[in-house]
Amino acid sequence: MTVGAPTLLSLLEEKPGEFVSGEEISQKLSVSRTAIWKQIRKLEAQGYKIEAVTRMGYRIIERPSRISPVELTFKLSTRTFGRNVRVHEVVSSTQDVLRELAEEGAPEGTLVIAEQQNQGRGRMGRSWVSPAGKGIWMSLLLRPNVPLLQTPQLTLLAAVALNRAIERVTGLDIGIKWPNDLLVDGKKITGILLESAAEDERIRYVVVGMGVSVNLEASDYPEEVAAKAVSLRMACGRMLDRTELIAEILKEFEDLYAVYNASGFETIRLLWEARSINLNKPTVLTTASGRIEGIPRGISEMGALIVEMEGESMQTVYSAEINPWEK
């Protein structure tokens, strides 16, 4: 007989807060200790936190939360954003799921959420750590009536929306690293990825992917990521309600998007510049054309970074990796 996670889970759930010995589990399920341990690891991958103590056994000390569409709808204060929502347990990427819905004619504001992504991705093709039940992994559909050249404006809008919403919920001091990375004490807490489809130089739709590391612990990060990433839980010292945070992000995003559609980019530009950690500091930008050294001075009306070069000439940059300039 093989152990199924639900069967093992039911044994642990029978005695909340108490240890269940490995011997008892082994006898009741007729399996080896090795098989038990493998199933414990599967439960941990689903978001359960299980304590294992020699001669005492196993007990659940933290259960994963689940995002409920009903609960989210109840907490929403938006008009359209998130009103059409799909919640999945596991997907390759919420970007892929929502792009299919967009091609089928899904309305603006459609939201796809996943408890876990196994191929989550960020800017520059990087993978994104998105374990089950611990973060916000979602994609939002926009159908803006703007030229394709203005897509960078929407990238900055997304960064400002997440910054304002997360600061309001957590009380953390969050900065924006150009163009849309949110940082706490120099460590990344979110990933934002915009993918668009266009026709005749006008945007058909934009899929805004948002990954927020909410309740991850240090052990959830691979070693190569741990030094430069942090979760909101680690930064503010408490667990956060993911559904509440999603509702706040959608409200802020919808409000700023309405301002953008009514009045243009200027308000968004000023809000972004006020939160930037890069402006007026010597910087190195790595672009597809090579290395640029200069001092970012602001954002152009199209959403590009304006960089002051040696000799006080100005250059606009639309896409680059940005880092402090260390001589």
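Residues 1 to 327 (full-length UniProt numbering) are what the sequence shown spells out, left to right.
From the three backbone atoms N, C-alpha and C, an ideal C-beta is built for every residue, glycine too.
Every value quoted in this text rests on a predicted model; they were computed, and no experiment measured them.
The beta carbons of Ala-247 and Ser-139 sit no closer together than 8 Å. In chain order, Met-302 place their CB closer than 7 Å to the CB of Leu-149, counting only its own chain and leaving out the 5 sequence neighbours on each side.
DSSP lists Thr-286 as the beta-bridge partner residues of Glu-321.
Secondary structure at Thr-316: strand, using DSSP grouped into helix, strand and coil.
Residue Arg-164 holds the alpha-carbon nearest to the alpha-carbon of Leu-172 among Arg-164, Thr-80 and Pro-179.
In the structure shown, Ala-114 falls within a strand segment according to DSSP collapsed to helix, strand and coil. Going by beta carbons, Ala-158 and Glu-252 fall outside the 8 Å limit.
Residue pairing by DSSP leaves Ile-249 without any beta bridge partner. Taking 8 Å as the cut-off, the beta carbon of Leu-250 is found no closer than this to the beta carbon of Gly-135. Residue environment for Asn-180: buried (at least 16 other C-beta atoms within 10 angstroms of its C-beta).
Under the three-state reduction of DSSP output, Ser-93 falls in the coil class, being neither helix nor strand. The beta carbon of Phe-265 sits closer than 6 Å to the beta carbons of Gln-153 from its chain, once the five residues preceding and following it are set aside; these are given in chain order. Separation of the CB atoms of Ala-304 and Thr-286 is rounded to 16 Å, and the pair is thereby denied contact status at 8 Å. Exposure of Val-70 is indicated by the presence of fewer than 16 other C-beta atoms within 10 angstroms of its C-beta. Residue nearest to Met-239 within the set Val-214, Asp-255 and Lys-228 is Val-214 (criterion: CA-CA distance). Asn-280 is classed as exposed because its beta carbon has fewer than 16 other beta carbons within 10 Å across all chains shown. If you ignore the 5 residues before and after Thr-73, its C-beta comes within less than 6 Å of no other C-beta in its own chain. Burial state of Ala-258 is exposed, judged by a 10 Å Cβ sphere holding fewer than 16 other Cβ atoms.
Counting along the chain, the unbroken beta strand (DSSP E) around Glu-308 starts and ends at 305-308. CA-CA distance, Arg-63 to Asp-255, rounds to 34 Å. Secondary structure at Ala-106: coil, using DSSP grouped into helix, strand and coil.
Straight-line spacing of the CA atoms in Asp-220 and Lys-49 works out to 11 Å. Secondary-structure assignment with DSSP links Trp-272 through no beta bridge to anything. Annotation: Met-138 is outside any alpha helix (DSSP H); the continuous beta strand (DSSP E) that includes it extends over 136-142. In the DSSP secondary-structure assignment, Asp-181 is bridged to Lys-177.
Assigned with DSSP and collapsed to three states, Ala-227 falls in coil, not helix or strand.
The shortest CA-to-CA distance from Gly-17 to any of Arg-41, Arg-33 and Tyr-58 is the one to Tyr-58. If you compare the alpha carbons of Ala-288, Leu-216, Gly-294 and Arg-242 with that of Asn-278, the shortest gap goes to Gly-294.
Leaving aside the five residues that flank Ala-106 on each side, the residues in its chain whose CB is nearer than 8 Å to its CB run, in chain order, Asn-84, Leu-98 and Leu-141.
Looking at the DSSP output, Leu-193 shares a beta bridge with Gly-209.
Ala-198 has its alpha-carbon roughly 16 Å from the corresponding atom of Leu-101. Between Lys-28 and Leu-11 a beta carbon distance of about 6 Å is seen, short of the 8 Å cut, so the two are scored as contacting. The C-beta distance from Leu-232 to Ile-166 rounds to 7 Å, short enough to meet the 8 Å contact threshold.
The beta carbon of Pro-324 sits closer than 8 Å to those of Lys-281, Pro-282, Thr-283 and Val-284, all from its chain and outside the five residues before and after it, given in chain order. Counting only the Cα atoms, Ile-60 lies some 52 Å from Pro-147.
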